[in-house]
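S.K.: Handing you a structure now.
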Amino acid sequence: MILTDLIFMKHELMITLILFILLFIKVGSKEWKNESVLNLVNILLFINFVVGFCCNQTGVLFSEMFRTTGLVIVEKNMLNLGTLIISLQSYTWLKRHKHVLEFYMLLLSTLLGMFCMVSAGNLLMFYLGLELSTIPLAALVNFDLDKRKSSEAAFKLIISSAFSSGLLLFGISLIYGTTGTLLFSQLATSITGNPLQIFAFILFIAGFSFKISVVPFHLWTADVYEGAPVSVTSYLSVISKGAVLFVFVSVLYTVFKPLAATWYNVLFILSVLTMITGNLFAIRQTNLKRFLAFSSIAQVGFILIGISGSSQAGAASVVYFVLIYIFSNLGAFGVISLVSAITGKETIEDYKAFYKTNPLLSWILAIALFSLAGIPPTAGFFGKFFLLLAGAAHGNYVLITIASLNMIISLFYYLKVIKAVFMDANEAPIERLIIPLLPKIALFICVAGIVLTGLMSVIYEYIYSLSIGF
Amino acid sequence: MNLSFLILLPLITTFAILFCKGLKQVRTVALVGATLQLFLALALLFIYWNERALGNTAQFLFDADDTWFAPMNIHYHIGVDGISVAMILLTAFVVIAGVLVSWTQETLNKEFFFLLLFLSVGAYGYFISLDIFTLFFFLEVAVIPKFLLIGIWGSGKKESSAMKLALMLMGGSALVFVGLAGLYFNTTGQPSFDLIQISQMHISLSAQKIFFPFAFVGFGVFTALFPFHTWVPDGHSSAPTAASMFLAGISMKLGGYGCLRVATYLMPDAAHYYSWVIILLSTIAIIYGAFATMMQTDLKYINAYSSVSHCGFVLLGIGMLTQTSINGAVMQMVSHGLMTALFFAAIGMIYSRAHTRTVEQLGGLLKVIPFISTVFVIAGLCSLGLPGFSGFVAEMTVFMGSWQNPDAWYRVATMLACASIVVTAVYILRATGRTIMGPITNTAYHQLIDATWNEKFAAIVLIIGIVAIGVAPFWLNQLITPGTENMIQHIGKVITFK
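These protein sequence lines map, in sequence, to chains A and B.
When we follow this note's numbering, the leftmost residue of the first sequence carries the number 3, and every step to the right adds one.
When we follow this note's numbering, the leftmost residue of the second sequence carries the number 26, and every step to the right adds one.
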């Protein structure tokens with residue numbers, strides 16, 4: 003290995019650099035003000051995001067443990083962007099928090115873990131990345147230190163992720179036992195579908211299902227989302243879910259390619275269960291965070307349909323959808339986190355007549371929710387359309403019909419929120435909020451993303467051209 | 026002519042509205058935009074005629090094709106034939122009338138006009154699309170503005186009506202989506218969403234049998250196909266006047282156009298196979314709608330249920346699959362669009378003055394507000410099919426075309442549909458007689474003021490359209506005939522293949 007090959011790890015190195023800068027500020031004698039830390043971190047994250055686009059090279063490192071491809075770079079840039087947006091949105095909340103530096107150190111450690119995971123070319127590397135990305139997350143969930151609900155949520159998260167990691171590890175060991183290798187590239191040819199490998203595959207599916215909250219492994223999701231601070235909830239639902247989805251796609255499409263016929267049926271059943279359960283539970287929620295938790299479960303159901311397409315179009319549509327999902331979900335969470343940080347209100351009831359006092363925020367929320375519901379001209383429409391189209395390539399129109407009928411259920415509950423915001427009367431609506439600059443920028447990035455990602459076909463075409471490996 | 030202007034113009038208008046302040050600016054911009062739309066639509070009509078007169082016999086004129094999503098073979102492909110031109114004209118007429126009727130919209134006027142014009146973006150885009158992905162895109166664009174228009178500015182149980190409408194229409198488009206996916210993957214050549222390409226490829230009968238119901242019922246929901254018509258009465262009656270006009274005048278036509286252009290045209294074998302179902306359902310809709318209207322006392326409900334009945338003629342015409350009947354279906358779409366828009370405008374004018382829409386409480390309006398009453402009577406007479414107005418021409422053509430279908434049961438259906446006209450006459454004349462004629466029931470009505478200039482203008486624009494079709498139907502007939510001929514040839518060609 004030559005030192006210049008480290009450019010393959012540019013994204014990881016950048017995050018590590020920022021982590022060290024923060025660590026030096028922390029141990030340094032000078033006491034920094036919250037605002038200046040926040041401004042510095044946001045500038046650093048922005049630089050990191052921009053650097054993510056330049057001088058990229060693709061290749062493998064450490065005897066194929068670590069690989070960088072065009073698609074991996076795009077995925078990492080997407081995660082960078084999402085983290086930047088979340089960081090901008092948490093400004094209002096973190097400004098008054100005592101442990102800003104710790105928050106960012108934990109957050110960036112998880113991001114580092116996700117990068118390693120996305121780049122993994124070896125099951126051990128993948129496992130390491132996964133653990134690095136989950137354990138600090140539990141601490142982040144508990145970041146509202148005085149809230150009992152947060153501690154409960156953190157406990158639930160750590161137990162369920164430990165359990166799912168155990169399942170994955172068991173699966174990995176079985177795979178190693180039957181094939182004698184951990185490298186993705188070799189596994190793709192050595193998996194034959196003998197019973198032990200099928201068993202390992204089931205453990206894998208279960209482990210992944212925990213991480214991306216697929217029904218019936220979703221029970222932790224709503225409680226954790228509700229208990230965690232809004233910024234962490236948005237991070238959990240978008241960034242960490244997105245990263246695991248990327249790996250899920252590459253593991254299914256490369257390692258388990260020989261078992262494609264098996265996992266198509268598994269995905270079929272799981273996606274139907276996930277969509278229906280997520281949607282039906284979302285209807286009854288009154289807390290907006292729980293509501294978005296269940297709606298995000300339902301969204302994963304749609305993503306599974308795209309994955310089941312098992313083609314270049316399938317992989318591309320999943321990555322594309324995650325990008326759109328980052329914009330739309332963070333748009334919705336951005337509004338909610340702002341309202342929650344200033345007024346502490348989080349239920350749908352509180353948002354009645356929100357439009358009378360905050361028209362701009364209401365429209366942003368509405369656009370984000372329409373995008374989540376898949377209404378054109380927002381990007382969500384294109385994302386869902388391509389997911390379903392990729393899934394329809396298999397000719398299983400029962401699945402497509404169920405999915406499109408589920409779109410109606412999901413529209414119903416998104417419209418319920420819209421109705422509360424725009425149509426219902428309320429004697430004491432949320433007062434007029436002043437949006438600080440940084441959250442405002444974040445919201446505008448989201449809206450621009452929602453509008454442009456769909457209509458500008460180059461983005462999809464670019465992702466599609468990079469997904470050629472599958 | 027570049028057809029994209031039809032999308033760009035309303036889009037620019039909506040953006041201009043965003044930067045306006047106050048009702049006066051907003052409505053001026055909206056009116057200027059709507060007037061330009063009308064001019065553009067009329068220009069399109071004349072340029073189209075000119076092209077045809079010069080001997081251009083291409084199926085679709087002003088064809089423009091840009092790749093949109095290359096990996097999926099999705100194109101932004103636009104072009105018009107006579108049917109689309111007729112629909113675009115209808116849209117332009119209804120839009121300008123709708124803007125004029127909402128002239129004094131006080132609450133949240135910026136949002137109101139924004140959504141109104143945004144809806145027209147969807148409608149124009151839909152009618153010019155030749156790629157069914159783009160068509161589907163614009164179909165859905167037109168749904169959510171309706172939800173907000175009804176839910177925010179509506180009356181009565183507006184929230185639940187808005188929700189019902191949005192969910193049922195999205196349900197329709199969900200079915201359409203399955204139909205489109207089926208069309209995409211089951212053609213013989215490279216998967217494509219292009220209308221023309223698909224029509225030239227072969228789709229097996231078994232695939233057509235599966236996906237035709239999805240597409241037809243999906244589009245049918247928009248045009249009040251029988252068991253899926255329930256959103257129509259609630260939606261129309263809760264909507265503000267302009268939204269009712271748009272709903273009945275434009276939005277229900279999206280469905281009819283889709284049934285014809287996508288479902289029937291692309292899957293002709295299945296259209297033949299299922300035609301008896303279409304005819305059965307549309308005959309039920311015609312008769313049931315007419316009888317249901319007789320029971321209504323609210324003027325808006327009367328018009329909404331009669332829309333169910335009238336839109337049944339559109340589907341009947343399509344289901345009969347003869348040249349004349351499809352001609353009639355298209356004419357009925359245009360005629361019904363203009364006529365219901367006028368009807369809803371008149372009802373809105375009456376409601377804004379008398380503050381009631383109940384037939385029993387009104388009476389003798391002709392004496393106090395003669396202009397509005399006359400408009401109401403004209404709309405009513407058009408609805409019951411009086412010669413000289415567009416309704417007569419359209420329904421007559423549908424009946425003649427339907428009779429050409431030699432099947433005995435189809436003729437029975439035609440007779441039943443014909444008979445419904447009597448019922449129509451009953452409810453229209455009864456409603457008109459009670460509200461317009463007779464003694465003035467409420468002394469407060471003596472103070473009512475007749476139509477203002479903007480209302481007069483709106484009504485006159487629509488009446489011009491109705492009379493232009495009613496007195497001289499040949500121009501509309503000539504306009505749409507090449508399109509329908511093409512369609513019938515395509516359908517016939519496939520039959521002889523079998």
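A virtual CB, placed ideally from N, CA and C, is assigned to each residue, including glycine.
Out of B:L387, B:A438, B:G490 and B:A484, which one is the CA nearest neighbour of G416 of chain B?
M.R.: Position 391 of the second sequence, counted from the start, is the residue given in the question as residue 416 of chain B. Per the Cα distances, B:G490.
S.K.: Tell me whether N289 of chain A sits in a helix, a strand or coil according to DSSP, three-state version.
M.R.: Reading the first sequence from its first residue, position 287 is the one you call residue 289 of chain A. Looking at N289 of chain A - three-state DSSP - the assignment turns out to be strand.
S.K.: Please list, in chain order, the residues of the stretch 363 to 378 of chain A that have any C-beta partner in chain B closer than 7 Å.
M.R.: F372, I377 and P378
S.K.: So which of B:F236, B:V168, B:W178 and B:T159 has the shortest CA-CA distance to D219 of chain B?
M.R.: Working through the second sequence from its first residue, we reach residue 219 of chain B at position 194. D219 of chain B has its Cα closest to that of B:T159, out of B:F236, B:V168, B:W178 and B:T159.
S.K.: In chain order, which alpha helix (DSSP H) runs of at least 4 residues are fully inside the stretch 56 to 109 of chain A?
M.R.: 72 to 91 and 93 to 96
S.K.: Secondary structure at I437 of chain A, three-state DSSP: helix, strand or coil?
M.R.: Residue mapping note: residue 437 of chain A aligns to position 435 of the first sequence, counting from 1. Coil, per DSSP.
S.K.: Using the rule of at least 16 other Cβ atoms within 10 Å of the residue's Cβ for burial, across every protein chain shown, is P431 of chain A buried or exposed?
M.R.: Looking up residue 431 of chain A in the first sequence gives position 429. So P431 of chain A ends up on the buried side.
S.K.: Look at the alpha carbon of N483 of chain A and the alpha carbon of L109 of chain A, and state the distance between them as a whole number of angstroms.
M.R.: As displayed, chain A neither begins before 3 nor continues past 472, which places residue 483 of chain A out of reach and without an answer.
S.K.: Would you mind sorting D91 of chain B into buried or exposed? The rule is 16 or more other CB atoms within 10 Å of its CB.
M.R.: Against the second sequence, residue 91 of chain B aligns to sequence position 66. By the 10 Å Cβ count, D91 of chain B comes out exposed.
S.K.: With a CB to CB cut of under 8 Å and the five nearest residues on each side skipped, what residues in its chain are close to L441 of chain B?
M.R.: Walking along the second sequence from the start, residue 441 of chain B turns up at place 416. Cβ within range, chain order: T308, I311 and I312.
S.K.: In chain B, which residues lie with their C-beta within 7 Å of the C-beta of I402 of chain A?
M.R.: Here residue 402 of chain A corresponds to residue number 400 of the first sequence, with the count starting at 1. V203 and A206, listed in chain order.
S.K.: Closer than 8 Å by beta-carbon distance: list the chain B residues that pair up with A395 of chain A, in chain order.
M.R.: Reading the first sequence from its first residue, position 393 is the one you call residue 395 of chain A. In chain order: F210.
S.K.: Quick check: is the beta carbon of K523 of chain B nearer than 8 Å to any beta carbon in chain A?
M.R.: The sequence position of residue 523 of chain B within the second sequence is 498, counting from 1. Because the pLDDT at K523 of chain B is just 35, under 50, the model does not fix this residue reliably, and the value given afterwards should be weighed accordingly. For K523 of chain B, the closest Cβ of chain A is not nearer than 8 Å.
S.K.: In chain order, what residues of the stretch 75 to 106 of chain B put their CB closer than 7 Å to some CB of chain A?
M.R.: W93, F94, A95, P96 and M97
S.K.: For the pair the stretch 147 to 155 of chain B and the stretch 391 to 406 of chain A, tell me if three or more CB-CB distances fall below 8 Å.
M.R.: no
S.K.: Please classify A438 of chain B as buried or exposed, where buried requires at least 16 neighbouring CB atoms within 10 angstroms.
M.R.: To locate residue 438 of chain B, count along the second sequence from 1; it is residue 413. So A438 of chain B ends up on the buried side.
S.K.: By Cβ distance below 6 Å, which residues in the same chain neighbour A450 of chain B in space, the five residues on each side in sequence not counted?
M.R.: What you label residue 450 of chain B is simply residue 425 of the second sequence in a count that begins at 1. So the qualifying residues of the chain are L409.
S.K.: Please list the residues of the stretch 407 to 435 of chain A that have a C-beta atom closer than 7 Å to any C-beta atom in chain B, keeping them in chain order.
M.R.: L407, M409, I410, L413, F414, L417, K421, F424 and M425
S.K.: Classify M16 of chain A as helix, strand or coil using the three-state DSSP reduction.
M.R.: In the first sequence, counting from the first residue as 1, residue 16 of chain A sits at position 14. Of the three classes helix, strand and coil, the one that applies to M16 of chain A here is helix, per DSSP.
S.K.: Looking at the C-beta of F10 of chain A, does it have a partner C-beta in chain B at a distance below 8 Å?
M.R.: Residue mapping note: residue 10 of chain A aligns to position 8 of the first sequence, counting from 1. With respect to chain B, the C-beta atom of F10 of chain A has no partner C-beta closer than 8 Å.
S.K.: Mind reading off the beta-carbon distance from A240 of chain B to A288 of chain B? Whole number of angstroms is fine, and I expect it under 8 Å.
M.R.: Here residue 240 of chain B refers to the residue found at position 215 of the second sequence. Here residue 288 of chain B refers to the residue found at position 263 of the second sequence. The Cβ separation is near 4 Å, so the contact holds.
S.K.: Any idea what DSSP makes of A310 of chain B, helix, strand or coil?
M.R.: Walking along the second sequence from the start, residue 310 of chain B turns up at place 285. Helix, per DSSP.
S.K.: Beta carbons nearer than 9 Å to chain A: which residues of the stretch 447 to 461 of chain B have them?
M.R.: none
S.K.: Excluding the 5 residues flanking I402 of chain A on each side, which residues of the same chain have their C-beta closer than 7 Å to its C-beta?
M.R.: In the first sequence, residue 402 of chain A corresponds to position 400, counting from 1. The answer, listed in chain order, is L390, G393 and A394.
S.K.: Run through DSSP, which three-state label would I520 of chain B get?
M.R.: On the second sequence, position 495 is the one that residue 520 of chain B refers to. Bear in mind that a pLDDT of 49 at I520 of chain B, under 50, signals an unreliable position, so the number given afterwards is only what the model happens to contain. I520 of chain B falls in the helix class under three-state DSSP.
S.K.: Determine the DSSP secondary structure at V105 of chain B, reduced to helix, strand or coil.
M.R.: Position 80 of the second sequence holds residue 105 of chain B. Residue state, collapsed to three classes: strand.
S.K.: Let's see if you can read the secondary structure: which residues bound the beta strand (DSSP E) around F87 of chain B?
M.R.: Along the second sequence, one-based indexing puts residue 87 of chain B at 62. It spans L86 to F94 - the beta strand (DSSP E) in which F87 of chain B sits, taken as one unbroken run.
S.K.: Could you pull the start and end residues of the alpha helix (DSSP H) that F138 of chain B belongs to?
M.R.: Sequence index remark: in the second sequence, residue 138 of chain B carries index 113 (1-based). From DSSP, the alpha helix (DSSP H) with F138 of chain B extends over N134 to I153.
S.K.: Counting C-beta neighbours from all protein chains within 10 Å, is the total for Q91 of chain A 16 or more, i.e. buried, or is it exposed?
M.R.: On the first sequence, residue 91 of chain A is found 89 positions in, with the first residue counted as 1. By the neighbour-count rule (16 or more Cβ atoms within 10 Å), Q91 of chain A is buried.
S.K.: If you measure beta-carbon to beta-carbon, which residues of the stretch 176 to 197 of chain B are closer than 7 Å to chain A?
M.R.: Residues are counted here when their Cβ sits less than 7 Å from a Cβ of chain A; for the stretch 176 to 197 of chain B these are G176, I177, E184, M188, A191, L192, M195 and G196, given in chain order.
S.K.: Of all the residues that make up the stretch 262 to 289 of chain A, which are near chain B by a beta-carbon distance shorter than 7 Å?
M.R.: none
S.K.: Per DSSP, I49 of chain A forms a beta bridge with which residues?
M.R.: Here residue 49 of chain A is taken as the residue at index 47 of the first sequence, counted from 1. Answer by DSSP bridge pairing: none, since I49 of chain A is not bridged.
S.K.: Evaluate K523 of chain B with the Cβ neighbour count: other Cβ atoms within 10 Å of its Cβ, from every protein chain shown; 16 or more gives buried, anything less gives exposed.
M.R.: Here residue 523 of chain B refers to the residue found at position 498 when the second sequence is read from its first residue. Reliability of the predicted coordinates at K523 of chain B is poor, the pLDDT of 35 falling under 50, and no value is obtained from them.
S.K.: Quick check on N124 of chain A: does DSSP put it in helix, strand or coil?
M.R.: Your numbering for residue 124 of chain A matches position 122 in the first sequence. Strand.
S.K.: Nearest to L487 of chain B by CA position, among B:T116, B:L31, B:L285 and B:K234, is which residue?
M.R.: Taking the first residue of the second sequence as position 1, residue 487 of chain B is located at position 462. Selected option, being the one with the closest Cα: B:T116.
S.K.: Check whether the stretch 498 to 508 of chain B touches the stretch 346 to 356 of chain B, taking contact to mean three or more Cβ pairs, one atom from each stretch, closer than 8 Å.
M.R.: yes
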